[in-house]
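K.L.:
Pasting a structure here, questions to come.
In the UniProt record's numbering, the protein residues as written are 1 to 644.
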């Protein structure tokens, strides 16, 4: 079996997938019933009928609610991905992978190879099957580096598939089917871009699962989680910037934007955890730093919560996710006030030597300056420190209670006892600190502590996928160099030409490598007589395939011909006939710098516009095959040109 593939995952996930799809069908059915009942309710004036319909409507609505909750639970089966470590860390949100249907490319590709390339399709069955096996394997990647490499390998292989088999003018006639990762709703499209985009989504999703599995109570674990969530953010961001009009909701700009923000927030939370592992226990500045890190986490989760409650995203994101994000923003706000209190109450008051540094940190610590005495008095007077600390704790306790209240509103999160544990532990810790510093004789009204200014010592990075880290070789290499033998080029059927060598050689000039080009034909020479034309490519010499041959190899084969002459196989690209065309092509290729022009993108989108929502082919620069020196303007290989 393929490395990085985990077949057991298929059965686990496809069970989830089938249940998701089934619930969605039921939801759609109930929605239709509701629409029908509502129409009847509006249309009828009969009191009795109205009552019956109203009863039916309430029944349908409660049914819908139950179905949506069931779907929620499936989407929140976070436990499938969390780690098994004893110590508690707050759960993270991982994404499920998009599922896809099997795809049989054997017949369409064999047909295209014989029609377009003029080769026997049967001879390429091995390569087609190898491609299909790779696709099959990438449906169930293992949750580790090997699984990521498998997805990358398939993604890179799609570049070659696109160049070889997706002509701009006609469709291959196969549909790519993918299911939405959150709702299980199926979508299909002919555009290969949909396949690429879905694989890219899964690269992001797999990173989220790897991130959620790390044991974040250790430094290596928390660093790996940071890396994984940053790469997930990068994959979703890349998808958002390079694809448009995806047919499924999970790949819409609004939801990708939400996912990028969610991943950035999860990175920020991991950075906070990292700081708690690194910070010295009773150091005033370290505690202030933790309070500011927590405020920063609260900030980013508030932004995610806003994004999740927007019109296009609200009905689609699982309620448990929205709640969890909301809970976290309140929880981290509470923690920021708690650590502020700890800095003031548990760390010794500033000595004269420390005062300037402590003052500098404290000036930038609050959003607005706290009321009361001047900074130096505050920092050196334990009683003033206790007062402000108490105000911070009061605010922390309010926020802990709010976090627990919101947590209680979501049935699914209530079952997640880990989160429950974390929240109540933090709440109790603040309460016991409060009672410890609360004096019976306190007659002052505890003031309102200002919020803490958010600040982080490690800004999250959005790490774009590095596709070049996984090297792949073109499975269909045997078709010849991509610079000529691609889906977008057309050529006339190969000709076999018999050539005798005259007194002045064959009478042509050759240029370039793989494939070698006939750059000039001397009028009245042997080549001209045999019907060779300028712009022909040599694809065989005496039956030996020369598509990939270097200049020198072809020359060697030609030179070793004796009296009997030589048989040369050539092809002519359509639209490149005649001497002018070769120069034009050279100029075009050098000036275009081998960028895929936007024409090509619009052509491809025209081809797919049969389906209502077209996924545009991306505007990526094409990675030209390194094996051809064709991108070089012809003058640059002039020294390679010679008369034969």
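For every residue, glycine included, the Cβ atom is placed at its ideal position computed from N, Cα and C.
As the structure is a prediction and not an experimental result, all values here were calculated from the model.
(1) Can you find a heavy atom of the ligand COA that lies under 6 Å from the Cβ of residue 277?
(2) What is the DSSP secondary structure of residue 480, reduced to helix, strand or coil?
(3) If you reduce the DSSP assignment to three classes, tell me which class residue 197 lands in.
(4) Compare the beta carbon distance of residue 225 and residue 203 with 7 Å and say whether it is the shorter of the two.
(5) Comparing alpha-carbon positions, which option in 476, 389, 401 and 463 lies nearest residue 435?
(6) Run through the segment 453-522 for me and flag every whole beta strand (DSSP E) of 3 or more residues, listed as ranges in chain order.
(7) Looking only at its chain, what residues have a beta carbon closer than 8 Å to the beta carbon of residue 260, apart from the 5 residues adjacent to it on each side?
(8) List the endpoints of the continuous beta strand (DSSP E) containing residue 572.
(9) Apart from the five residues on each side of it in sequence, which residues of its chain come closer than 7 Å, Cβ to Cβ, to residue 15?
(10) Please state whether DSSP places residue 439 in a helix, a strand or coil.
(11) Excluding the 5 residues preceding and the 5 following residue 162 in the sequence, name in chain order all residues of the same chain whose CB lies nearer than 6 Å to its CB.
(12) Helix, strand or coil for residue 93, going by three-state DSSP, please let me know.
(13) When DSSP labels each residue in this structure, what does residue 382 get in the three-state scheme?
(14) What is the DSSP secondary structure of residue 5, counted as helix, strand or coil?
(15) If the criterion is Cβ atoms closer than 7 Å, does the pair residue 217 and residue 89 meet it?
(16) Can you tell me which of the three DSSP states residue 227 falls into?
(17) Is DSSP giving residue 100 helix, strand or coil here?
(18) Between residue 306 and residue 254, which are expected to be in contact by the criterion C-beta below 8 Å, what is the C-beta distance as a whole number of angstroms?
(19) Only counting the same chain, and skipping five residues up and downstream in sequence, which positions put a Cβ closer than 7 Å to that of residue 446?
(20) Residue 400 to residue 34, Cα distance in whole Å?
(21) State buried or exposed for residue 677, treating a residue as buried only when at least 16 other CB atoms are found within 10 Å of its CB.
(22) With a threshold of 16 other CB atoms inside 10 Å of the CB of residue 20, please say whether the residue is buried or exposed.
(23) Hey, out of 559, 530, 106 and 520, whose CA is closest to residue 126's CA?
(24) Pick helix, strand or coil for residue 356, following the three-state DSSP scheme.
(25) Is it true that the CB of residue 498 sits closer than 7 Å to the CB of residue 565?
(26) DSSP state of residue 19, grouped into three classes?
(27) If I follow the unbroken beta strand (DSSP E) through residue 215, where does it start and stop?
(28) In three-state DSSP terms, what is residue 415?
(29) Note down, in chain order, each residue of its chain lying with its Cβ closer than 6 Å to the Cβ of residue 250, except the 5 sequence neighbours on either side.
P.N.:
Walking through what the data contain:
(1) In the structure shown, the ligand COA is absent, as is every other ligand, since no ligand is present at all.
(2) coil
(3) helix
(4) No, they are not a contact pair.
(5) Answer by Cα proximity: 389.
(6) 495-499, 508-511 and 516-521
(7) 233, 236, 237, 240 and 462
(8) Membership of residue 572 in the beta strand (DSSP E) is indicated by the continuous run 566-572.
(9) none
(10) In the structure shown, residue 439 sits in coil (DSSP, three-state: anything other than H, G, I, E or B).
(11) The residues are 192.
(12) coil
(13) helix
(14) strand
(15) yes
(16) helix
(17) Here residue 100 sits in strand by DSSP.
(18) Rounded, the Cβ-Cβ distance is 13 Å, inconsistent with contact.
(19) 390, 391 and 394
(20) Roughly 40 Å between the two C-alpha positions.
(21) Nothing can be reported for residue 677: it is not among the residues displayed for the chain, which extend from 1 to 644.
(22) buried
(23) 106
(24) helix
(25) If you check the CB distance, residue 565 and residue 498 come in under 7 Å.
(26) helix
(27) Looking at the DSSP string, residue 215 is not in any beta strand (DSSP E), and its letter there is neither H nor E.
(28) Shown here, residue 415 sits in a helix according to DSSP, grouped into three states.
(29) 180, 181 and 182
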